[in-house]
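In what follows, a single structure is set out as structure tokens and then discussed.
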Amino acid sequence: MKVIEIEGIGPEYEKDLNNAGIEDVEQLAELSWEELEELAEKSGISLKRLDKWAEHADLISLLGIGPEYAEALNKVGIDSVKELAYRNPENTLKKIEELDKDQPDVIRKLPTSDQISDWIDQAKEKYGIIDEKKGSGTKLIKIEGIGPEYAKDLKAAGYEDCEQLLPLSKDDLEELAEETGISEKLLDKWQEHADLMRIKGVGPEYADALNKIGIDSVKELAQRNPENTLKRIEELDKDEPDVLRRLPVLDEIKDWIKQAEDIK
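For the sequence shown, my numbering begins at 2 and goes up steadily by one.
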């Protein structure tokens with residue numbers, strides 16, 4: 002599929018991308034953050050715009066998701082196949098229906114719940130992700146700040162594993178806050194920690210440290226420079242020595258960022 006099929010890429014942008022060696026959607030979807038930066042310099046197209054198109058290209062790789070549905074998914078906060086894999090089909094459909102009411106020109110036909118379930122199944126199969134309802138065995142209590150009492154409140158609401166927090170939208174977090182009596186701010190923070198803990202080697206302590214220096218998601222981590230990230234963690238450790246028992250080394254952070262780029 003040619004890049005011009007992506008929403009927002011007209012003949013002029015297509016020409017710029019072609020001149021930079023990008024002709025197909027698949028090529029765009031596979032670019033790392035550094036490669037997108039290089040493409041921005043080469044093509045004169047903003048990095049923000051290229052990143053959005055790369056997200057669309059990633060979603061279009063799934064059978065049944067064309068440019069319009071990729072645009073709609075992007076607008077409801079689903080910016081990659083990996084992200085889609087953690088979503089709930091009913092909640093996703095509800096958000097797309099709300100989008101359609103607010104912006105009726107985005108899609109010509111609403112997808113069905115079965116279609117969305119199929120997209121999610123494809124996404125899970127692509128990345129080997131288990132069903133978030135079953136969890137992976139990483140209990141929420143492992144997250145920094147969730148002790149026995151909070152864990153009990155979350156379990157009563159049906160949440161035991163980190164993976165269950167990942168697909169929750171802002172509205173979902175608001176509902177969970179009302180149901181559990183836990184502040185939405187805390188729930189949002191724990192969701193960020195759960196997201197970062199998807200990276201192999203990033204446990205509760207490192208997730209907390211990354212969060213404290215302004216890295217609140219896997220996508221954000223993918224855009225970071227390893228040397229600068231280590232420097233900021235070292236500065237954090239001086240100011241708050243109780244956050245980490247051991248500082249990560251540069252190679253570890255490089256590996257985290259590489260994993261984040263692959264997930265993104």
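In this text, a Cβ means the ideal position worked out from N, Cα and C, and glycines have one as well.
Since residue i sits in a beta bridge, which residues does DSSP pair it with?
i, result
"residue 3", "25"
"residue 140", "162"
Distance, Cα to Cα, residue i vs residue j?
i, j, result
"residue 237", "residue 210", "8 Å"
"residue 218", "residue 24", "30 Å"
"residue 9", "residue 80", "15 Å"
"residue 98", "residue 173", "16 Å"
"residue 233", "residue 212", "11 Å"
"residue 161", "residue 14", "46 Å"
"residue 163", "residue 86", "14 Å"
"residue 139", "residue 67", "34 Å"
"residue 101", "residue 176", "22 Å"
"residue 179", "residue 191", "16 Å"
What does the Cβ neighbour count give for residue i, buried or exposed, with the cut at 16 atoms within 10 Å?
i, result
"residue 197", "buried"
"residue 148", "exposed"
"residue 49", "exposed"
"residue 133", "No answer about residue 133 holds up, because its pLDDT of 42 lies below 50 and its placement is not dependable."
"residue 247", "exposed"
"residue 229", "exposed"
"residue 220", "buried"
Nearest to residue i by CA position, among the options, is which residue?
i, options, result
"residue 201", "77, 254, 71 and 75", "254"
"residue 251", "241, 90, 226 and 239", "226"
"residue 168", "96, 56 and 142", "96"
"residue 199", "222, 112 and 160", "222"
"residue 2", "94, 139, 158 and 28", "28"
"residue 60", "45, 51 and 83", "83"
Next on the checklist: Could you tell me which whole alpha helix (DSSP H) segments of length 4 or greater appear in the region 178-204?
Outcome noted: DSSP runs (the alpha helix (DSSP H)) wholly in the region 178-204: 185-197.
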